[in-house]
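Chemist: Chains as they are written, first to last, in the numbering used here: chain Y, 1 to 313; chain A, 314 to 622. Yeah, the Cβ is synthetic: ideal placement off N, Cα and C, and Gly gets one too. Since this is a predicted model, take the numbers as computed values, not measurements.
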Amino acid sequence: MEEVVRSKTVLKQKTKRWDANAMSPVSYGVLITVLVLASLACILPLLLVVSVSFSDEGHILRDGYKLFPEAFTLDAYRFLVDDWGKISTGYSISIIITVAGTFLSLLITSLFAYPVSRPDFPYRNQFSFIVFFTMLFGGGLVPWYLLYSQAGLKDTLLALIIPHLVVPFNVIIMRIFFSNTIPHALIESAKIDGAGEFRIYARIILPLSLPVLATIGLFQMLVYWNDWFTSLIFINNEKLVNLQYLMYKVISDLNYINSGFADTQAINAVSKTLPSETVRMAMAVIGIGPIILVYPFLQKYLIKGLTVGSVKG
Amino acid sequence: MNMTKLTHHIRNLVRFRILFLMMLPALAIVIFNNYIPMFGVILAFKNYNFSDGIWGSPWVGWENFKYLVQTDVAWTATRNTIAYNAVFIILNTAGAVALSIGLNEVRRSKLKKTFQSTLLFPHFLSYVAISYILYALLGQAGFINLSVFKSLGLDPVSWYSDADRWFYILPIVNTWKHIGYFAVVYLAAIVSIDTEYYEAALIDGASKWKQTLHITLPMLAPVVIVMVLLQISRIFNADFGLFYQAPLNSGSLLPATEVIDTFVYRNFLLNGNVGMSAAAGFYQATVGFVLVLVTNFIVRRFSKENALF
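(1) Look up Y/Lys66 in the DSSP assignment and say whether it is helix, strand or coil.
(2) Could you name the residues of the region 321-352 of chain A whose beta carbon sits closer than 8 Å to any beta carbon of chain Y, in the order they occur along the chain?
(3) Whole angstroms is fine: what's the gap from Y/Met283's alpha carbon to Y/Ser209's?
(4) Compare the C-beta of A/Pro371 against all C-beta atoms of chain Y and say whether one is closer than 9 Å.
(5) If distances are taken between C-alpha atoms only, which option among A/Ser520, A/Ser364, A/Tyr448 and A/Phe602 comes closest to Y/Met247?
(6) What does A/Asn562 reach in chain Y if we use C-beta pairs closer than 8 Å?
(7) Give a yes or no on whether the C-beta atoms belonging to A/Val441 and Y/Tyr224 are separated by under 9 Å.
(8) Name the two residues that bound the continuous alpha helix (DSSP H) containing A/Glu512.
(9) Just verifying my parser: in three-state terms, what is the DSSP assignment at Y/Lys154?
(10) Could you give the residue range of the alpha helix (DSSP H) that holds Y/Pro211?
(11) How would you label A/Ile516, buried or exposed, when you count the other beta carbons within 10 angstroms and need 16 or more for buried?
(12) Which term fits A/Gly518, buried or exposed, when burial requires 16 or more other beta carbons within 10 angstroms of its beta carbon?
(13) Comparing alpha-carbon positions, which option in A/Thr391, A/Leu582 and A/Ala593 lies nearest Y/Leu146?
(14) Under a three-way DSSP split, which group does A/His479 fall into?
(15) Using a Cβ-Cβ cut-off of 7 Å (strictly less than) and excluding sequence neighbours within five positions of Y/Pro69, which residues of its own chain qualify?
(16) Note the first and the last residue of the continuous alpha helix (DSSP H) segment covering A/Ile651.
(17) My guess is that A/Ala409 and A/Tyr499 are in contact by the Cβ rule of under 8 Å, so how many angstroms apart are they, rounded?
(18) Quick check on A/Trp372: does DSSP put it in helix, strand or coil?
(19) I'd like to know if the region 81-90 of chain Y and the region 164-178 of chain Y are in contact, where contact means that at least 3 CB-CB pairs between them fall below 8 Å.
(20) Tell me whether the region 130-138 of chain Y and the region 339-347 of chain A touch, counting them as touching only if at least three CB pairs, one residue from each stretch, are closer than 8 Å.
(21) Assuming A/Ile548 and A/Ile331 form a contact by the criterion Cβ under 8 Å, report the distance between their Cβ atoms to the nearest whole angstrom.
(22) Leaving out the 5 sequence neighbours to the left and right, which residues in its chain are closer than 6 Å to Y/Arg175 when beta-carbon positions are compared?
(23) Name the chain A residues that come within less than 8 Å of Y/Thr109, Cβ to Cβ?
(24) Which two residues bound the contiguous alpha helix (DSSP H) that contains Y/Leu46?
(25) Could you tell me which residues DSSP puts in a beta bridge with A/Lys654?
(26) Do the CB positions of A/Tyr445 and A/Pro560 come within less than 9 Å of each other?
(27) Among residues of its own chain, excluding the 5 on either side of A/Phe556, which ones have a beta-carbon nearer than 6 Å to its beta-carbon?
(28) Taking contact to mean at least 3 C-beta pairs separated by less than 8 Å, is the region 482-499 of chain A in contact with the region 429-436 of chain A?
(29) Are three or more beta carbon pairs between the region 200-209 of chain Y and the region 176-187 of chain Y nearer than 8 Å?
(30) Are the beta-carbon atoms belonging to A/Val461 and Y/Pro143 less than 9 Å from one another?
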């Protein structure tokens, strides 16, 4: 035991020395500069959007977008508040879809992944393949759309939830997690104690799988929150427009007034000239905001989840 | 199937009935969402009308494909899909490998994590959100026109009506969104390389550059090859969001932004041409499937444990 500890510390010292010798200060400086520039390229465009949303429309049209607002104003947000109805509907729909979709998809995915992870279940590979095959071949947009509309799913929330419920990749990750971390002997002994299959699933499997449930839950949350495609093809009802689709509608109509997003009263209430550039950016901030807010808390799990998926067990 | 085998299966069915019950919801979803539409590919050979439905509409043989071949747009869309995806694969792979090797050399782990999560951030933005960011940069009164070009004394460019420039813009946007994801995946593979290799190399007096060339890259190669093959197997499927949202669905950009997926969407949902879009979808699905089989065959020959099936 002592020997192992000693050899480990020796190894640590060695790695440290190797690290210290690794790069010359000049090339290390170049490396850090490149990485800082790359990181800025990921962040600055967002900062630009935020800055414009707080800027004065006149300044923007004259001097262009600036990384820091020249004249700080809340005009754009005031304008959006006047037409708060659609935004709050958008938020409600997005939140409902995200919460219901994430919960259902975790439930359905884990209920499927558990049986196919059981070494004593004789058809585990065949059933895994049924889900896996959908990654390889699909019927395409046309039959898929016609099926959903014939089933009466157009203009329903189900059309926004069902398409993302079973993601084959998530099934694979969960199956690997279940079979690698939960010893089969544990399940066997629970059975001997008289526990039924559902009880084992709910009392043993799920509590032991919180890390993978958290990771896949996060992935699904982002999938549902960011989804605009299903809305684009299935939703016509104004009351069911989620936040992403609302953002799409606002920007896709080049003439903001014609979009029907704002009524003339609201326009007159704010100003004679419509602050369309800044309002668009305020719309972007309202849509991206929640992701920016939660990202610092989630990124650790997200990175972990991405790397779990890349290592096939 | 003989009788003993049948009774064996029936016995299993009874014995594992609860497990079957558990799998039922996911199976129902997959059958509805994926398998039934698969049979819908027969629409490519039918003259669809709403009252007769998918199964009742009359057969027309290869008629739909004849129309498809006659349009120039179908060819442009196919060319764009493959060319863009090829460029994306090259940029993402080369960029992410370099980035992950660089990230691995960052000594302070806090700094390394900050870089990682910053570079990964665009991966979690929707293409609608990205279309706004892009508009802030490229709009008529956007950052590039009024802030950059003006101070350089250049004339403003109307980005959303000049198709040629999008052959460069789209790869930049795609790389911006995805490079962080690939870098994080590759970094995980680099971190798992045994440090003993580097220690031995250091004793032999190998430089940093030599270590990267002869240890890191060869050890990273299996992961990279699998990721590249996965992307190649999807080379016939374009990222609808990138090509539809990022250019704000601008009509004058279509020569540079039309891909198979947007072609199908436009002809089907906007023009109502069921037959031709179903034919395009069929062509995309079958060629894509063949590509998956071929790439998997190659992966199997290369390393069996990394094969998809």
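Modeler: On the basis of the data shown:
(1) Along the first sequence, one-based indexing puts residue 66 of chain Y at 66. Note: Y/Lys66 maps to coil in three-state DSSP.
(2) Asn325, Phe329, Ile331, Leu332, Phe333, Met335, Met336, Pro338, Ala339, Leu340, Ile342, Val343, Phe345, Asn346, Asn347, Tyr348, Ile349, Pro350, Met351 and Phe352
(3) Translated into positions along the first sequence, residue 283 of chain Y becomes position 283. Translated into positions along the first sequence, residue 209 of chain Y becomes position 209. Approximately 38 Å between the Cα atoms of the pair.
(4) Indexing the second sequence from 1 puts residue 371 of chain A at position 58. So, not an interface residue.
(5) Reading the first sequence from its first residue, position 247 is the one you call residue 247 of chain Y. The residue with the shortest Cα to Cα distance from Y/Met247 is A/Tyr448.
(6) As a working note, residue 562 of chain A is residue 249 in the second sequence. By Cβ distance, chain Y contributes Ser252.
(7) What you label residue 441 of chain A is simply residue 128 of the second sequence in a count that begins at 1. What you label residue 224 of chain Y is simply residue 224 of the first sequence in a count that begins at 1. Contact: no.
(8) Counting from 1 along the second sequence, the entry for residue 512 of chain A is found at position 199. Thr508 to Ile516 is the span of the alpha helix (DSSP H), which, as asked, contains A/Glu512.
(9) Residue numbering aside, residue 154 of chain Y sits at position 154 when the first sequence is read from its first letter. In this structure, Y/Lys154 counts as coil in the three-state DSSP scheme.
(10) Residue 211 of chain Y sits at position 211 when you count from the first residue of the first sequence. Looking at the DSSP string, the run of the alpha helix (DSSP H) that includes Y/Pro211 is Leu210 to Asn226.
(11) As a first step, residue 516 of chain A is located in the second sequence; it is residue number 203 there, counting from the start. It counts as exposed.
(12) If you number the second sequence from 1, residue 518 of chain A lands on position 205. Classification for A/Gly518: exposed.
(13) Numbered from its first residue, the first sequence carries residue 146 of chain Y at position 146. Measuring from the Cα of Y/Leu146, the nearest candidate turns out to be A/Leu582.
(14) Stepping through the second sequence from its first residue, residue 479 of chain A is reached at position 166. According to the sequence provided, residue 479 of chain A is Trp. The question's His does not apply to it. In this structure, A/Trp479 counts as helix in the three-state DSSP scheme.
(15) Walking along the first sequence from the start, residue 69 of chain Y turns up at place 69. Answer for Y/Pro69: Ser51, Phe54 and Ser55, listed in chain order.
(16) Nothing about residue 651 of chain A can be reported from this structure: the residues present for chain A run from 314 to 622 only.
(17) Position 96 of the second sequence holds residue 409 of chain A. Position 186 of the second sequence holds residue 499 of chain A. Indeed they touch by this definition, with Cβ atoms about 6 Å apart.
(18) By one-based count along the second sequence, residue 372 of chain A stands at place 59. Note: A/Trp372 maps to strand in three-state DSSP.
(19) no
(20) yes
(21) Position 235 of the second sequence, counting from 1, holds the residue named residue 548 of chain A. Position 18 of the second sequence, counting from 1, holds the residue named residue 331 of chain A. Actually they are not in contact, since the Cβ atoms of A/Ile548 and A/Ile331 sit about 42 Å apart, beyond 8 Å.
(22) Here residue 175 of chain Y refers to the residue found at position 175 of the first sequence. So the qualifying residues of the chain are Ala113, Val116 and Ser117.
(23) The residue labelled residue 109 of chain Y in the question sits at position 109 within the first sequence. Here the neighbours are Ala339.
(24) Within the first sequence, residue 46 of chain Y is the residue found at index 46, counting from 1. It spans Pro25 to Ser53 - the alpha helix (DSSP H) in which Y/Leu46 sits, taken as one unbroken run.
(25) Examination of residue 654 of chain A is not possible in this model, given that chain A is present from 314 through 622 alone.
(26) Mapped onto the second sequence, residue 445 of chain A falls at position 132. Mapped onto the second sequence, residue 560 of chain A falls at position 247. Contact flag unset, no.
(27) Counted from its first residue, the second sequence places residue 556 of chain A at position 243. Here the set comprises Thr570, Val572 and Thr575.
(28) yes
(29) yes
(30) Translated into the one-based positions of the second sequence, residue 461 of chain A becomes position 148. Translated into the one-based positions of the first sequence, residue 143 of chain Y becomes position 143. Result no, Cβ atoms of A/Val461 and Y/Pro143 do not sit closer than 9 Å.
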